[in-house]
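Enquirer: First, the structure itself, so that you have it in front of you.
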Amino acid sequence: MTRLMVRGVEIRKGALDGPAQVRLIDALRPVLKAAPLFSPVTANGKAMSVRMTSAGGLGWVSDKGGYRYQPTHPRGSAWPAIPDPVLDIWRDVTGHDRTPDCCLINYYGEGAKMGLHQDRDEADFSWPVVSVSLGDDALFRIGDTVRGGKTESVWLNSGDVVVMGGPARLVYHGIDRIRFGSSRLLPKGGRINLTLRVAV
Ligand code: MD6
Ligand code: FE
Numbered sequence: 001m002t003r004l005m006v007r008g009v010e011i012r013k014g015a016l017d018g019p020a021q022v023r024l025i026d027a028l029r030p031v032l033k034a035a036p037l038f039s040p041v042t043a044n045g046k047a048m049s050v051r052m053t054s055a056g057g058l059g060w061v062s063d064k065g066g067y068r069y070q071p072t073h074p075r076g077s078a079w080p081a082i083p084d085p086v087l088d089i090w091r092d093v094t095g096h097d098r099t100p101d102c103c104l105i106n107y108y109g110e111g112a113k114m115g116l117h118q119d120r121d122e123a124d125f126s127w128p129v130v131s132v133s134l135g136d137d138a139l140f141r142i143g144d145t146v147r148g149g150k151t152e153s154v155w156l157n158s159g160d161v162v163v164m165g166g167p168a169r170l171v172y173h174g175i176d177r178i179r180f181g182s183s184r185l186l187p188k189g190g191r192i193n194l195t196l197r198v199a200v
């Protein structure tokens with residue numbers, strides 16, 4: 001594993017080896033079955049190209065009513081528990097025993113991307129946000145804590161772990177594009193990104 005620091009964000013390249021990535025996908029399969037991916041709509045009525053779901057006590061949703069953490073999937077059921085291998089990564093990386101409230105699961109199919117944003121719907125920014133990349137390569141753009149600042153981009157590969165904490169907790173970031181079909185981890189291609197957050 002090599003540690004890269006990009007604008008204060010820690011990128012652990014190759015943090016998870018192939019078998020660990022397969023174990024994660026296996027652990028996510030029942031989660032996706034219990035809480036199917038859905039296409040969130042932003043407050044201005046546009047559908048996001050990324051499909052989402054969550055695990056944990058709280059999930060992140062966005063719809064006409066705005067975006068928020070809530071205890072149920074849009075279909076009304078409680079979110080499934082965060083799988084143990086995912087919690088192990090959180091503990092490993094943060095050293096904290098407090099488990100995250102939310103594991104947001106983002107799926108990028110061909111052409112999907114995510115605009116520059118800050119993760120600021122959580123109550124306490126002293127907790128880091130930890131993310132795990134699985135599947136296709138993605139071009140991750142990292143900016144400043146204010147909109148419009150200088151940005152730097154880095155390719156995230158399957159098995160990379162990103163830690164956004166400390167002074168970089170509120171930097172703008174997004175995914176410009178993925179290289180669809182670059183990985184064979186997911187049978188139908190695409191990319192899964194998990195983000196672990198303490199929300200309340
Ligand atoms: C993605 N990641 O990798 C989008 N947020 O698909 C994020 O939005 C993100 O990687 C907070 C912390 C780490 C991240
Ligand atoms: Fe984010």
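Residue numbers for the sequence shown follow the UniProt record's numbering, so the first one is 1 and each next one is one higher. In this text, a Cβ means the ideal position worked out from N, Cα and C, and glycines have one as well. These numbers come from a predicted model, not from an experiment.
#1: Roughly how many whole angstroms lie between the Cα atoms of Tyr108 and Ser131?
#2: Less than 8 Å between the C-beta atoms of Pro100 and Leu196, yes or no?
#3: Leaving out five residues on either side along the sequence, give the residues of the same chain with a beta carbon under 7 Å from the beta carbon of Tyr172.
#4: How would you label Asp26, buried or exposed, when you count the other beta carbons within 10 angstroms and need 16 or more for buried?
#5: Return yes when at least one heavy atom of the ligand FE lies under 7 Å from the C-beta of Thr72, else no.
#6: At the level of alpha carbons, what is the spacing between Ser54 and Arg3?
#7: In angstroms with no decimal places, state the Cα-to-Cα distance between Asp121 and Asn193.
#8: Within 10 angstroms of its Cβ, does Ala35 collect 16 or more other Cβ (buried), or is it exposed?
Expert: Quick answer:
#1: 14 Å
#2: yes
#3: Leu116, His117, Gln118, Gly143, Asp144, Arg147
#4: exposed
#5: no
#6: 27 Å
#7: 18 Å
#8: buried
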